[in-house]
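This report refers to the structure that appears directly beneath it.
Protein chains: 2
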Amino acid sequence: MTTYDLPTREFLEVLTSVLGPAEKSTIALHEPNIGDHEHKMVAECLSSGWVSSVGEFITRFENQLSKITGAKHVIAVVNGTCALHLALHSVGINPGDEVIIPSLSFVATANAVAHCGAIPHFADSDLTTLGLDPTALRKHLGSVATRRGDDLINTKTGRRIGAIVPMHTFGHPMQIDELILVAKEFGLPIVEDAAESLGSCVGKKHTGTFGRCGILSFNGNKTITTGGGGAILTDDESLAKKIRHLATTAKLAHDWEFLHDQTAFNYRMPNLNAALGCAQLDRLDEFLRHKRNLANKYDKALQNSGSFEFVGEPKGTTSNYWLNTFRLTNPNLAMRNELLTASRAKGYLCRPAWNLLHQLPMYENSPRAELPVAQILLSSLINVPSSANLGS
Amino acid sequence: MTTYDLPTREFLEVLTSVLGPAEKSTIALHEPNIGDHEHKMVAECLSSGWVSSVGEFITRFENQLSKITGAKHVIAVVNGTCALHLALHSVGINPGDEVIIPSLSFVATANAVAHCGAIPHFADSDLTTLGLDPTALRKHLGSVATRRGDDLINTKTGRRIGAIVPMHTFGHPMQIDELILVAKEFGLPIVEDAAESLGSCVGKKHTGTFGRCGILSFNGNKTITTGGGGAILTDDESLAKKIRHLATTAKLAHDWEFLHDQTAFNYRMPNLNAALGCAQLDRLDEFLRHKRNLANKYDKALQNSGSFEFVGEPKGTTSNYWLNTFRLTNPNLAMRNELLTASRAKGYLCRPAWNLLHQLPMYENSPRAELPVAQILLSSLINVPSSANLGS
Numbered sequence: 003m004t005t006y007d008l009p010t011r012e013f014l015e016v017l018t019s020v021l022g023p024a025e026k027s028t029i030a031l032h033e034p035n036i037g038d039h040e041h042k043m044v045a046e047c048l049s050s051g052w053v054s055s056v057g058e059f060i061t062r063f064e065n066q067l068s069k070i071t072g073a074k075h076v077i078a079v080v081n082g083t084c085a086l087h088l089a090l091h092s093v094g095i096n097p098g099d100e101v102i103i104p105s106l107s108f109v110a111t112a113n114a115v116a117h118c119g120a121i122p123h124f125a126d127s128d129l130t131t132l133g134l135d136p137t138a139l140r141k142h143l144g145s146v147a148t149r150r151g152d153d154l155i156n157t158k159t160g161r162r163i164g165a166i167v168p169m170h171t172f173g174h175p176m177q178i179d180e181l182i183l184v185a186k187e188f189g190l191p192i193v194e195d196a197a198e199s200l201g202s203c204v205g206k207k208h209t210g211t212f213g214r215c216g217i218l219s220f221n222g223n224k225t226i227t228t229g230g231g232g233a234i235l236t237d238d239e240s241l242a243k244k245i246r247h248l249a250t251t252a253k254l255a256h257d258w259e260f261l262h263d264q265t266a267f268n269y270r271m272p273n274l275n276a277a278l279g280c281a282q283l284d285r286l287d288e289f290l291r292h293k294r295n296l297a298n299k300y301d302k303a304l305q306n307s308g309s310f311e312f313v314g315e316p317k318g319t320t321s322n323y324w325l326n327t328f329r330l331t332n333p334n335l336a337m338r339n340e341l342l343t344a345s346r347a348k349g350y351l352c353r354p355a356w357n358l359l360h361q362l363p364m365y366e367n368s369p370r371a372e373l374p375v376a377q378i379l380l381s382s383l384i385n386v387p388s389s390a391n392l393g394s
Numbered sequence: 003m004t005t006y007d008l009p010t011r012e013f014l015e016v017l018t019s020v021l022g023p024a025e026k027s028t029i030a031l032h033e034p035n036i037g038d039h040e041h042k043m044v045a046e047c048l049s050s051g052w053v054s055s056v057g058e059f060i061t062r063f064e065n066q067l068s069k070i071t072g073a074k075h076v077i078a079v080v081n082g083t084c085a086l087h088l089a090l091h092s093v094g095i096n097p098g099d100e101v102i103i104p105s106l107s108f109v110a111t112a113n114a115v116a117h118c119g120a121i122p123h124f125a126d127s128d129l130t131t132l133g134l135d136p137t138a139l140r141k142h143l144g145s146v147a148t149r150r151g152d153d154l155i156n157t158k159t160g161r162r163i164g165a166i167v168p169m170h171t172f173g174h175p176m177q178i179d180e181l182i183l184v185a186k187e188f189g190l191p192i193v194e195d196a197a198e199s200l201g202s203c204v205g206k207k208h209t210g211t212f213g214r215c216g217i218l219s220f221n222g223n224k225t226i227t228t229g230g231g232g233a234i235l236t237d238d239e240s241l242a243k244k245i246r247h248l249a250t251t252a253k254l255a256h257d258w259e260f261l262h263d264q265t266a267f268n269y270r271m272p273n274l275n276a277a278l279g280c281a282q283l284d285r286l287d288e289f290l291r292h293k294r295n296l297a298n299k300y301d302k303a304l305q306n307s308g309s310f311e312f313v314g315e316p317k318g319t320t321s322n323y324w325l326n327t328f329r330l331t332n333p334n335l336a337m338r339n340e341l342l343t344a345s346r347a348k349g350y351l352c353r354p355a356w357n358l359l360h361q362l363p364m365y366e367n368s369p370r371a372e373l374p375v376a377q378i379l380l381s382s383l384i385n386v387p388s389s390a391n392l393g394s
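From first to last, the protein sequence lines are chains V and B. Each residue of the first sequence is one higher than the one before, starting from 3 at the first, in the working numbering. Each residue of the second sequence is one higher than the one before, starting from 3 at the first, in the working numbering.
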């Protein structure tokens with residue numbers, strides 16, 4: 003029998019008290035909740051014969067998302083990575099540009115930049131929100147960037163900095179209002195990576211609707227799923243038109259001719275996946291309620307902890323609590339790894355924050371700010387099981 | 003009442019004789035055939051809860067495709083465009099390279115090249131097979147290309163030519179054996195665009211399995227559909243491993259760490275779509291039989307025509323007859339357009355061949371061979387309704 007340190011024993015006790023024992027079957031980090039309603043709508047889609055890139059569920063899914071998020075225009079696509087690639091391409095990111103992203107994010111944020119032929123430029127995170135730190139970014143840009151005509155230039159690399167991509171980590175909104183001020187100062191558009199934050203708001207305004215455009219993900223591990231899927235949100239009608247055009251091979255309307263006016267993509271979400279998405283969105287409020295219940299339980303269980311703190315939603319925001327997160331009071335990578343090993347051995351499929359992107363081999367030479375907070379977060383955060391059904 | 007020319011009157015008579023009248027509801031060019039079997043398997047997938055990027059239907063779909071095509075390795079992805087992009091990237095196509103493709107193809111063939119940062123280099127088609135003409139390509143490469151070390155260089159542009167992408171037009175196999183000889187002479191890998199030719203063989207060997215790798219598409223208009231989907235076929239184990247790795251963010255196996263060793267993609271087919279695909283593949287023989295019946299009917303109806311010829315499968319090959327094709331005996335673009343207008347007005351949703359890719363604005367400055375045959379084909383080909391159910 004392994005003898006664990008005190009924090010590990012406490013961690014396991016909290017998980018057991020909130021989730022019950024997981025010794026017979028493992029408890030996933032986040033799994034989809036699919037029921038009769040989903041079966042019915044997907045069957046309806048199959049019966050219609052319209053399963054591919056055209057169909058009424060796509061429009062319906064986009065309209066539902068528009069209503070939920072308040073975004074005037076929504077374009078459903080195959081996944082969140084492609085959504086971010088297309089969003090960045092559409093706001094004018096070109097090969098050789100740099101794009102500001104947090105080092106603490108899923109690798110897709112950096113890959114989408116690279117898919118434009120651009121280079122991620124890593125910025126630090128905020129200790130409380132876990133998202134980009136606007137104050138640190140202002141200071142960093144002030145020291146490395148200069149305006150040249152319409153462009154902001156990284157004086158160290160000579161490259162244009164083209165956009166800022168904040169990410170709402172684990173569903174917790176970052177300080178978007180502050181970031182908007184920084185973006186204005188430096189004349190950069192914001193493209194919001196809201197892949198994890200469907201249902202999360204700053205005040206009453208939904209994440210993903212603050213920037214020039216924003217993106218969502220509906221991967222199987224997200225709050226709702228379409229199997230694979232993503233969406234782009236924007237209030238800008240001409241940008242929406244451009245994105246829709248580029249997502250469907252830039253084909254011009256014609257009864258039969260195949261006229262395409264630019265190099266474009268095949269990124270539209272199939273109607274089959276949208277049908278699942280429509281059913282899932284009908285249940286979004288239920289999922290969010292259950293996830294909040296679960297978050298409250300974790301929060302309560304950690305009230306008197308000496309080793310951990312529950313990462314709650316930042317002030318003035320509503321989080322979807324996509325992934326519930328514990329923070330080690332004393333950041334310690336070895337301890338974090340012991341917690342992961344111990345909890346997974348007991349069947350609780352906990353996971354750490356992502357390895358920092360600037361430390362991955364393909365991005366280790368990318369430009370970056372000082373990243374002390376990201377390093378602290380890496381050594382202190384642990385995600386615990388967060389499926390909606392665990393809070394029902 | 004419009005008075006039509008003789009060929010148009012004949013065209014409409016043939017369509018009516020083979021398909022029956024279409025005056026109440028239109029007859030689509032190609033629509034999916036989805037029945038109880040598809041409903042059952044998709045429902046099974048939903049009930050399992052595994053709808054996303056991992057699941058048993060993905061493996062099953064890949065295994066079924068492997069059995070049908072004879073390819074040792076199959077990687078299912080989100081669509082045919084992404085399949086071709088990933089295939090080209092994986093065989094080493096880099097930004098600034100050129101890739102030989104037919105000018106007569108769907109725009110996705112050229113876009114996938116462009117997504118690598120590469121430049122399509124257009125070659126001419128064969129009058130009989132409708133695919134790349136190996137003899138014309140040999141002559142063209144002989145006049146513009148020269149070896150420099152390991153590379154084949156376009157002497158006019160100074161760029162490396164990195165691969166040849168033949169495409170099996172409308173399901174008819176092109177002269178792949180001849181092309182292999184040309185590819186060997188010039189030291190180029192072949193990446194087969196078999197998007198349209200699931201079920202089509204040269205001798206007994208399936209299209210898409212002759213090159214270094216090949217790709218399939220399962221878009222809604224194809225012989226079988228997964229909603230949206232594609233696959234990469236290869237016999238090369240290390241290439242297959244590389245492709246699978248690159249399709250899933252190049253993540254290294256680890257219980258919890260997020261280690262990714264290169265810039266990669268999120269291209270895997272969701273399990274939900276694979277479930278539909280498994281059911282459709284179970285019915286592939288039925289679809290192919292019905293499509294061949296329909297082709298035989300069209301062929302027979304055109305036996306004594308003075309204006310048209312039916313485009314049959316090339317000698318020594320088996321076509322899936324994805325899209326049945328009529329050829330105007332006297333190529334004439336105005337006449338082709340009259341045929342399209344007249345047939346569509348009657349509810350038969352015929353379509354022409356694709357506008358030639360070298361004439362689209364984004365590719366008009368791309369390098370190219372002389373393209374006289376592509377131009378003739380553009381003026382003479384018409385696709386007629388081809389859904390499997392029309393031949394049942």
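Glycine included, every Cβ here is placed at the ideal spot set by N, Cα and C.
Residue-chain proximity (THR148/B, chain V), Cβ-Cβ < 8 Å: For this step, residue 148/B is matched to residue 146 along the second sequence. Chain V, which has no Cβ nearer than 8 Å to the Cβ of THR148/B, makes this no.
query: Which residues bound the beta strand (DSSP E) around GLU100/B?
result: Translated into the one-based positions of the second sequence, residue 100/B becomes position 98. First-last of the beta strand (DSSP E) with GLU100/B: 100-104.
- prompt: Which residues in the same chain as THR209/V place their Cβ atom closer than 6 Å to its Cβ, once the five residues preceding and following it in sequence are excluded?
  reply: In the first sequence, residue 209/V corresponds to position 207, counting from 1. Excluding five sequence positions before and after THR209/V, the CB atoms of its chain that fall closer than 6 Å to its own CB belong to HIS170, PRO175, ALA196, SER199 and SER202, given in chain order.
- prompt: Taking Cβ-Cβ distances shorter than 7 Å, what residues in chain V pair up with PRO34/B?
  reply: Position 32 of the second sequence holds residue 34/B. Neighbours of PRO34/B on chain V, chain order: GLY51 and VAL53.
Min CB distance PHE260/V to chain B below 8 Å: Reading the first sequence from its first residue, position 258 is the one you call residue 260/V. Output row for PHE260/V: interface = yes.
- request: At 8 Å on the CB atoms, spell out the chain B contacts of ASN221/V, in chain order.
  value: Within the first sequence, numbered from 1, the residue matching residue 221/V stands at position 219. Neighbours of ASN221/V on chain B, chain order: SER54 and SER55.
query: So, is PRO97/V buried or exposed, given that buried needs 16 or more other C-beta atoms within 10 angstroms?
result: Position 95 of the first sequence, counted from the first residue, corresponds to residue 97/V. Residue environment analysis places PRO97/V among the exposed positions, since fewer than 16 neighbouring C-beta atoms fall within 10 angstroms of its C-beta.
field: Separation of PRO136/B from GLU180/B, as counted between CA atoms
entry: On the second sequence, position 178 is the one that residue 180/B refers to. On the second sequence, position 134 is the one that residue 136/B refers to. Approximately 6 Å, taken between the alpha carbons.
message: Looking at chain B, is there any beta carbon in it that lies within less than 8 Å of the beta carbon of PRO104/V?
response: Taking the first sequence and counting its residues from 1, the one referred to as residue 104/V is at position 102. Not an interface residue.
field: Neighbourhood of SER345/V by C-beta distance below 7 Å, restricted to the same chain and skipping five residues each side
entry: For the purposes of this step, residue 345/V is identified with residue 343 of the first sequence, where counting begins at 1. So the qualifying residues of the chain are PHE13, LEU14, LEU17 and CYS352.
task: Under 7 Å between beta-carbons, which chain B residues line up against ALA395/V? List them in chain order, please.
output: This structure leaves residue 395/V out entirely; chain V is present only between 3 and 394.
query: Is the CB-CB distance between HIS39/V and ASP284/V below 8 Å?
result: Indexing the first sequence from 1 puts residue 39/V at position 37. Indexing the first sequence from 1 puts residue 284/V at position 282. Yes, these two residues count as a Cβ contact at 8 Å.
Interface residues of chain V facing GLU2/B [CB-CB closer than 7 Å]: Here chain B comprises residues numbered 3 to 394, so residue 2/B is not present and cannot be evaluated.
- request: Return the CA-CA distance between ALA242/B and GLU194/B, expressed in angstroms with no decimal places.
  value: Stepping through the second sequence from its first residue, residue 242/B is reached at position 240. Stepping through the second sequence from its first residue, residue 194/B is reached at position 192. ALA242/B and GLU194/B have their C-alpha atoms some 15 Å from each other.
- request: Check the DSSP bridge columns for CYS215/V and list the partner residues they point to.
  value: Here residue 215/V refers to the residue found at position 213 of the first sequence. Bridge partners of CYS215/V: VAL193/V.
task: Output the residue ranges of the alpha helix (DSSP H) runs that lie fully inside the segment 324-386 of chain B and measure 4 residues or longer, sorted by chain position.
output: Given a length threshold of 4 residues, each whole run of the alpha helix (DSSP H) inside the segment 324-386 of chain B is given here in chain order: 335-347 and 374-380.
message: What residue range does the beta strand (DSSP E) around THR236/V cover?
response: Residue 236/V sits at position 234 when you count from the first residue of the first sequence. Taken as a continuous stretch (DSSP letters only), the beta strand (DSSP E) holding THR236/V covers 232-236.
- request: With a cut-off of 8 Å on the beta carbons, I'd call LEU90/V and ALA147/V a contact; round off their distance for me.
  value: The count along the first sequence starts at 1 and reaches residue 90/V at position 88. The count along the first sequence starts at 1 and reaches residue 147/V at position 145. By a beta-carbon distance limit of 8 Å, LEU90/V does not contact ALA147/V. Their separation comes to about 18 Å.
message: Could you tell me which whole beta strand (DSSP E) segments of length 3 or greater appear in the segment 90-135 of chain B?
response: Correct list: 100-104 and 121-125.
- request: Go to GLU311/V, then tell me how far its alpha helix (DSSP H) extends in each direction, as first and last residue.
  value: To locate residue 311/V, count along the first sequence from 1; it is residue 309. No alpha helix (DSSP H) contains GLU311/V, which is instead part of the beta strand (DSSP E) from 310-312.
task: Could you pull the start and end residues of the beta strand (DSSP E) that ILE60/B belongs to?
output: To locate residue 60/B, count along the second sequence from 1; it is residue 58. From DSSP, ILE60/B is part of no beta strand (DSSP E) but of the alpha helix (DSSP H) over 58-71.
- request: Would you kindly check if the distance between the Cβ of ALA78/B and the Cβ of GLU64/B is under 8 Å?
  value: Here residue 64/B refers to the residue found at position 62 of the second sequence. Here residue 78/B refers to the residue found at position 76 of the second sequence. ALA78/B is positioned such that its CB atom lies closer than 8 Å to that of GLU64/B.
N-terminal and C-terminal residue of the alpha helix (DSSP H) that ASP284/V is part of: Looking up residue 284/V in the first sequence gives position 282. Where ASP284/V is concerned, the enclosing alpha helix (DSSP H) stretches over 273-284.
- prompt: Whose CA, out of LEU362/V, ASN339/V and LEU286/V, lies closest to the CA of ASP7/V?
  reply: The residue you call residue 7/V lines up with position 5 of the first sequence. It is ASN339/V.
- request: Return the Cβ separation of VAL184/V and LEU139/V in integer angstroms, given the expectation that the two are a contact with Cβ distance under 8 Å.
  value: Counting from one through the first sequence, the residue named residue 184/V turns up at place 182. Counting from one through the first sequence, the residue named residue 139/V turns up at place 137. VAL184/V to LEU139/V, Cβ: 6 Å. Contact.
Close Cβ partners of THR28/B (< 6 Å) along its chain, the five nearest in sequence each way excluded: Translated into positions along the second sequence, residue 28/B becomes position 26. GLY349 and LEU351, listed in sequence order.
ARG329/B versus LEU132/B: straight-line alpha-carbon distance, rounded: Translated into the one-based positions of the second sequence, residue 329/B becomes position 327. Translated into the one-based positions of the second sequence, residue 132/B becomes position 130. So the two alpha carbons sit approximately 11 Å from each other.
message: I'd like to know if TRP324/B contacts chain V, where contact means its C-beta is closer than 8 Å to some C-beta of that chain.
response: Along the second sequence, read from residue 1 onward, the residue named residue 324/B stands at position 322. False, the Cβ-Cβ gap to chain V never drops below 8 Å.
- request: Determine the chain V residues that contact ASN357/B at a beta-carbon separation under 7 Å, and present them in chain order.
  value: Your numbering for residue 357/B matches position 355 in the second sequence. In chain order: GLU259, PHE260 and LEU261.
Bridge-paired residues (DSSP) for LYS141/B: Indexing the second sequence from 1 puts residue 141/B at position 139. LYS141/B pairs with nothing; no bridge assigned.
- prompt: Can you list, in chain order, the residues of its chain whose CB lies under 6 Å from that of ASP153/V, leaving out five sequence neighbours each side?
  reply: Translated into positions along the first sequence, residue 153/V becomes position 151. Excluding positions up to five away in sequence, the list reads ARG162.
field: Option in LEU383/V, GLN305/V, ILE234/V and THR319/V with minimal Cα separation from LEU335/V
entry: The sequence position of residue 335/V within the first sequence is 333, counting from 1. For LEU335/V, the nearest C-alpha among the options comes from LEU383/V.
query: Excluding five sequence neighbours on each side, which residues of the same chain lie with their C-beta closer than 6 Å to the C-beta of ILE102/V?
result: Position 100 of the first sequence, counted from the start, is the residue given in the question as residue 102/V. Result list for ILE102/V: HIS123, ALA125 and ILE166, in chain order.
Residues of its chain near SER394/B, where Cβ-Cβ distance is below 6 Å and the 5 sequence neighbours each way are ignored: As a working note, residue 394/B is residue 392 in the second sequence. Closer than 6 Å at Cβ, skipping near neighbours: HIS292.
message: Considering Cα atoms alone, identify which of ASP99/B, LEU129/B and ALA110/B is closest to ILE121/B.
response: Within the second sequence, residue 121/B is the residue found at index 119, counting from 1. Here the closest residue by C-alpha is ASP99/B.
- prompt: So, helix, strand or coil for ALA252/V, using DSSP?
  reply: On the first sequence, position 250 is the one that residue 252/V refers to. In the structure shown, ALA252/V sits in coil (DSSP, three-state: anything other than H, G, I, E or B).
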